[in-house]
Structure formats: C-alpha cells, structure tokens
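Participant: Right, I'll just put the structure down here and ask away after.
In our numbering, the protein residues as written are 290 to 504.
Put into structure tokens, the structure is as follows:
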C-alpha cells in the first residue's frame, strides 16, 4: 500500500501550481557539532479529509533518528514514509503521505547535527489537491565561542558577558520632598514674652533702687 501511495506523490510533486497552503519549518539556524536537532514541519491552510504529502530534501550525511506525525487520520504505522536518493547529488528525500485530520498537520523529526562545520541546505515540498510549493532553509553548524559578538547556545551574562552584556538597570528617579516651613510662633505669644521680660527687669531695677534709698 505504501508503494501505491508513493507514485501519486511523485506525480503531484512534478506539478507546478501555486496554492494557498503554506508550510513553516521550525528549526534552529545555528547549532554546535553533533548536538541533537529537532525539526517541525507544519502545514497551514489544509482541508480536513484531503490527501496531503510533505517531502523534505536533506543532506545525505544526516540520518533521521526518529519522526512523529500529528494531524493525520492514519496512525504512524499506516502513514507512508519513503526515503530515497534525491536527483540533487548529496541529498536524500524523505516523503510522508497521509490524510489530514487537522487544518495544520505537522511532521516532527530529530537527528544529530553533522560533526563537520559548515552550512547545510534543506528544501521542503508540500502537496495537496490544489498543487505544491517548496521552501528552502539553511542550518549552520559552528562552534560557539565567547567573544564572537553573538549571544547564543548556553552563553549568558554570567559565563560570557562579552556576547551577552548584563542589562543595566535604569536609575530610580528620586523626587525631592517639599521642605516644610517651620511653624512661626504666634505674634501674641511673642508680645507676651517681651512684656514679661520687661516686667521682670523693671521689677529688679525697682527693688535695687529701693534698697539703695534705705542706705
């Protein structure tokens, strides 16, 4: 049954009709050598119940470790998955054919990044009854090094401040508090105090003068 499904896929892929469905590839653009990479190919705008196919052309130096599918009426074992050499030298084609149970079916696969540094091309094609289209992407395998000006991988402000500078907290603006004026003594109290002092002075002067007269 899988072989019977494969030939219609090849026929559909030979068409050149632009249609409304689109695909999104969720894949990191840069990775370190030999790390595990997860790729998610999600179709959008698919009619539920129609036959669809997703084909991804990947470098033949990459081997898929596992794959899963969502939005398919068939179980994983019943989904047609075919791998064969691409017409483009150095590439393999992985094709998945199934019946959509969702308007956004997706294929997820994992592999270990190549140990050789460089850029690796991927080209996904998707097919529905309306036609097909494709989208190219690139995966760059490189060694992450502190000081290259790019904050990536496990770099952070603690282990590589050159690439991941710490965010400087904005200074907190301190608003000056209004200075409260010292309360003024009531005028009446001031006058009373002056009068009292004058009274004491006059009384002392009077008593002193009185004593002098006695002598």
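Yeah, the Cβ is synthetic: ideal placement off N, Cα and C, and Gly gets one too.
Just tell me which of 400, 440 and 452 has its CA closest to the CA of residue 354.
Facilitator: Looking at the Cα atoms, 400 is the closest of the given residues.
Participant: Helix, strand or coil for residue 292? Go by DSSP, reduced to three states.
Facilitator: Bear in mind that the predicted position of residue 292 carries a pLDDT of just 44, short of 50, making it too unreliable to give a figure here.
Participant: State buried or exposed for residue 458, treating a residue as buried only when at least 16 other CB atoms are found within 10 Å of its CB.
Facilitator: Label assigned to residue 458: exposed.
Participant: For the segment 401 to 454, which segments carrying the beta strand (DSSP E) assignment without a break, of at least 3 residues, lie completely within its bounds, in sequence order?
Facilitator: Runs found: 407 to 417 and 420 to 430.
Participant: How far does the beta strand (DSSP E) with residue 366 in it extend, from its first residue to its last?
Facilitator: Segment: none, residue 366 is in no beta strand (DSSP E) and carries neither H nor E.
Participant: Distance check for residue 428 and residue 369, CA to CA, integer angstroms please.
Facilitator: If I take the Cα positions, the gap works out to 26 Å.
Participant: Which residues in the same chain have their Cβ closer than 8 Å to the Cβ of residue 374, if we skip the five residues on either side of it in sequence?
Facilitator: Correct list, in chain order: 349, 380, 381 and 382.
Participant: Here's a check: name, in chain order, each residue in its chain whose Cβ is nearer than 7 Å to the Cβ of residue 439, leaving out the five neighbours to either side.
Facilitator: Closer than 7 Å at the Cβ level, and outside the excluded window around residue 439, lie 452.
Participant: Could you check whether residue 411 and residue 426 sit closer than 8 Å to each other, using their CB atoms as the reference points?
Facilitator: For residue 426 and residue 411, yes; Cβs fall inside 8 Å.
Participant: Determine the DSSP secondary structure at residue 505, reduced to helix, strand or coil.
Facilitator: A query on residue 505 cannot be resolved here, the shown segment of the chain reaching from 290 to 504 and no further.
Participant: Helix, strand or coil: how does DSSP classify residue 351 here?
Facilitator: Reduced to three states, the DSSP call for residue 351 is coil.
Participant: I need the straight-line Cα distance from residue 384 to residue 371, nearest angstrom please.
Facilitator: Distance between the alpha carbons of residue 384 and residue 371: 5 Å.
Participant: Tell me whether the segment 400 to 409 and the segment 317 to 326 touch, counting them as touching only if at least three CB pairs, one residue from each stretch, are closer than 8 Å.
Facilitator: With a cut-off of 8 Å, the segment 317 to 326 and the segment 400 to 409 count as touching, because enough Cβ pairs lie within range.
Participant: Using the three-state DSSP reduction, which class does residue 343 fall into: helix, strand or coil?
Facilitator: In this structure, residue 343 counts as strand in the three-state DSSP scheme.
Participant: Buried or exposed: residue 345, going by 16 or more other Cβ atoms within 10 Å of its Cβ?
Facilitator: By the neighbour-count rule (16 or more Cβ atoms within 10 Å), residue 345 is buried.
Participant: May I have the straight-line CA-CA distance separating residue 319 from residue 464, to the nearest angstrom?
Facilitator: Taking the straight line from one Cα to the other gives about 47 Å.
Participant: Grab the span of the beta strand (DSSP E) containing residue 459 for me, first residue to last.
Facilitator: Unbroken run through residue 459: none, as it is neither H nor E.
Participant: I need the DSSP call for residue 494, collapsed to helix, strand or coil.
Facilitator: Note: residue 494 maps to helix in three-state DSSP.
Participant: If we ignore side chains and look at the alpha-carbon of each, how far apart do residue 378 and residue 447 end up?
Facilitator: About 44 Å.
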